[in-house]
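Trainee: Residue numbers (this note's numbering): 21 to 538.
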Ligand code: CLF
Ligand code: SF4
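1) Measure the alpha-carbon distance for residue 25 versus residue 405 and round it to whole angstroms.
2) Taking contact to mean at least 3 C-beta pairs separated by less than 8 Å, is the segment 148 to 165 in contact with the segment 88 to 95?
3) Using a Cβ distance threshold of 8 Å, determine whether the segment 429 to 442 contacts the segment 394 to 405, with at least three qualifying pairs required.
4) Provide the residue span of the alpha helix (DSSP H) that contains residue 504, from first to last.
5) How about residue 113: is its Cβ closer than 7 Å to a heavy atom in the ligand SF4?
6) Have a look at the DSSP bridge pairing and note the partners of residue 294.
7) Kindly indicate the opening and closing residues of the beta strand (DSSP E) around residue 185.
8) For residue 253 versus residue 393, is the C-beta spacing smaller than 8 Å?
9) Under DSSP, the beta strand (DSSP E) around residue 231 begins and ends at which residues?
10) Going along the chain, which residues of its own chain have a beta-carbon closer than 8 Å to the beta-carbon of residue 468, five neighbours each way excluded?
11) Taking the straight line between their C-alpha atoms, what separation do you get for residue 183 and residue 257?
12) Quick test of your reading: residue 420 and residue 475, contact by CB under 8 Å. State the CB separation rounded to the nearest angstrom.
13) Mark residue 58 as exposed unless 16 or more other C-beta atoms lie within 10 angstroms of its C-beta, in which case mark it buried.
14) Please determine whether the Cβ atom of residue 291 lies at a distance below 7 Å from any heavy atom of the ligand CLF.
15) Three Cβ pairs or more, each shorter than 8 Å: is that satisfied between the segment 222 to 241 and the segment 281 to 296?
16) If you draw a straight line from the C-alpha of residue 353 to the C-alpha of residue 208, how long is it?
17) On the premise that residue 139 lies in contact with residue 181, defined as a C-beta separation below 8 Å, what is that separation, rounded to the nearest angstrom?
18) For residue 231 and residue 201, what's the separation of their Cα atoms in angstroms?
19) Just tell me which of 398, 453, 378 and 509 has its CA closest to the CA of residue 437.
20) The ligand SF4 and residue 267: does any heavy atom of the ligand fall closer than 7 Å to the residue's C-beta?
21) Quick check: what's the CA-CA separation for residue 500 versus residue 389?
22) Evaluate residue 340 with the Cβ neighbour count: other Cβ atoms within 10 Å of its Cβ, from every protein chain shown; 16 or more gives buried, anything less gives exposed.
23) How would you write the range of the beta strand (DSSP E) that residue 149 sits in, first residue to last?
24) My assumption, with CB atoms under 8 Å, is that residue 212 sits in contact with residue 291. Please give the rounded CB distance.
25) Say yes only if the C-beta of residue 316 is nearer than 7 Å to one or more non-hydrogen atoms of the ligand CLF, and no if none qualify.
26) Determine the burial state of residue 289: buried for a count of at least 16 other Cβ atoms within 10 Å of its Cβ, exposed for fewer.
27) Find out if the Cβ-Cβ distance for the pair residue 105, residue 162 is shorter than 8 Å.
28) Which runs of the alpha helix (DSSP H) fall wholly inside the segment 350 to 436 and span at least 4 residues, in chain order?
29) Taking 7 Å as the line, does the beta carbon of residue 222 fall inside it for any heavy atom of the ligand SF4?
30) If contacts are defined as beta-carbon pairs under 8 Å, then residue 493 and residue 518 qualify, I think. What distance do you get, rounded to the angstrom?
31) Would you mind sorting residue 457 into buried or exposed? The rule is 16 or more other CB atoms within 10 Å of its CB.
32) Using only the alpha-carbon positions, how far apart do residue 114 and residue 127 sit?
33) Measure the C-alpha to C-alpha separation of residue 481 and residue 380 and round it to an integer number of angstroms.
34) Taking the alpha-carbon of residue 218 as reference, which of 199, 210, 239 and 233 has the nearest alpha-carbon?
35) The beta strand (DSSP E) spanning residue 209 covers which residue range?
36) Spatial neighbours of residue 439 within its chain, please: C-beta separation below 7 Å, excluding the five flanking residues on both sides.
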């Protein structure tokens, strides 16, 4: 295990350094610029060595297409596409498209010109922002001119930024040539069904070429066009991710068939997201009491599909104007009225230098994991545990318990360690004071875990967690997450074998529901 890396030892270019959020790009120009091999994983396990180089090049710094990259790289969305051409029963059109965003979120709409300006301002301030996505607030392809104009302007000014599009797929077959011409090489299609009878329970209507379709006819047409669009994109070499909303009792088991169908048509990654449904969202599902899945239900379905293709498990259902690392929201810093006062200093060399520093950090994390894995080899046990981690990025345990807005969940067993999801929580520490009620929400969110790794924790929450059977561990503060999880697992097995602790199955956990606004 490497020695702990405290904040005092960080350098200006250390990607874990929180000061990098405010570092000026000029300061980064002195970092050496050399290309090198990278290590990582896509969706779950595939890395540089497992993928064709052209594919690896496309995903290695895309925070959604590579689970490992999401610890290091950021994305931004611009909300330029307000209209939609279908109705989903989990959507209230007062809010952003729930195919990519959490319900109850309203983004500030921008013109393509405002959006392009914002992208340059963000790229200047956040050198690890590598991807621009358009994901709403309606459907980007129901607003093709605004969507493509935005991409065109950004590609002309900042060609190093990857372009990413998310759509319900209805208009995809008609737009393939424009997508290819603009070099948009990541497209997400939300596909919730391939059986129109199931579709009729999700989509009340579809509006296509001046006519409104309803019932099975609507779903049939939507499904055919989604699958055709997927085939056409993959035939042109575009990397496609499929998002599916898991709706218990409606399409949950059916999503295994969806998974097979999209794999056959060349989808690269499948992202099964939990339905988030509450009456205050004013959606058909919210008002009818349709529930979302529990953490165990979601994981079981994702595990069932994992044999077929790579599954994405780190989606944050981010808003249509999200800015920053997945799970953080810096959109407020880049509100339209603040953009004019920000001096954009778009410097591709500085961005590249910063990203090279990130790559070196990733290599160090991968080396630490490999070292711990080697120490685990030869161990035999059926014990598999979940660990919750408080992190603010960089793949390290670097967040205080009381400040965490989410916990990352890792599964560890003798096979290794893998990220299996995240759980949103109410912050325990509010304005310097402990919010005792919030400890209960944290415990509900991570009660499938035997331990929570934190940078720091106070005595009261530590005791509360321990009463709930969850060990609070700060011994790995500022260490790499995966290497620490493996080290803890070895020690846990040792304690079980020595009879110091008893390993028991843990309870299911709650995926937080309700009006999430960040
Ligand atoms: Fe945005 Fe989507 Fe591109 Fe990512 S989000 S358009 S692929 S850059 Fe990512 Fe956000 Fe989940 Fe989407 S975490 S909601 S999957
Ligand atoms: Fe809402 Fe998106 Fe569905 Fe359109 S595609 S109805 S914006 S969730």
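Cβ atoms here follow ideal geometry from the backbone N, Cα and C, with glycine treated the same way.
Mentor: Reading it off the structure:
1) Residue placement at residue 25 cannot be trusted, given a pLDDT of 28 that sits under 50; what the coordinates show is reported in the next sentence. Rounded to whole angstroms, residue 25 to residue 405 spans 26 Å at the Cα level.
2) yes
3) yes
4) 501 to 517
5) Placement of the Cβ of residue 113 at a distance of less than 7 Å from at least one heavy atom of the ligand SF4 is found.
6) 266
7) 182 to 187
8) no
9) 231 to 234
10) Residues 315, 316, 406, 429, 526, 527, 528 and 529 of the same chain have their beta carbon placed closer than 8 Å to that of residue 468, with the five preceding and five following residues left out of the count.
11) Computed Cα separation, rounded: 14 Å.
12) 5 Å
13) Since pLDDT at residue 58 reaches only 29, below the 50 mark, its modelled position is unreliable, and no value is offered.
14) yes
15) no
16) 27 Å
17) 7 Å
18) 29 Å
19) Residue 509 is the option with its Cα nearest to residue 437.
20) no
21) CA-CA distance, residue 500 to residue 389, rounds to 8 Å.
22) buried
23) 149 to 154
24) So it is not a contact: roughly 12 Å between Cβ atoms.
25) Every heavy atom of the ligand CLF is 7 Å or more from the Cβ of residue 316, so no.
26) buried
27) For residue 105 and residue 162, yes; Cβs fall inside 8 Å.
28) 356 to 359 and 368 to 396
29) No, Cβ of residue 222 sits at least 7 Å from all heavy atoms of the ligand SF4.
30) Going by Cβ atoms, the distance from residue 493 to residue 518 rounds to 18 Å, so no, they are not a contact pair.
31) exposed
32) Distance between residue 114 and residue 127, taken at the CA atoms: about 10 Å.
33) So the alpha carbons of these two residues sit roughly 36 Å apart.
34) 239
35) 206 to 210
36) 87, 333, 334, 428 and 430
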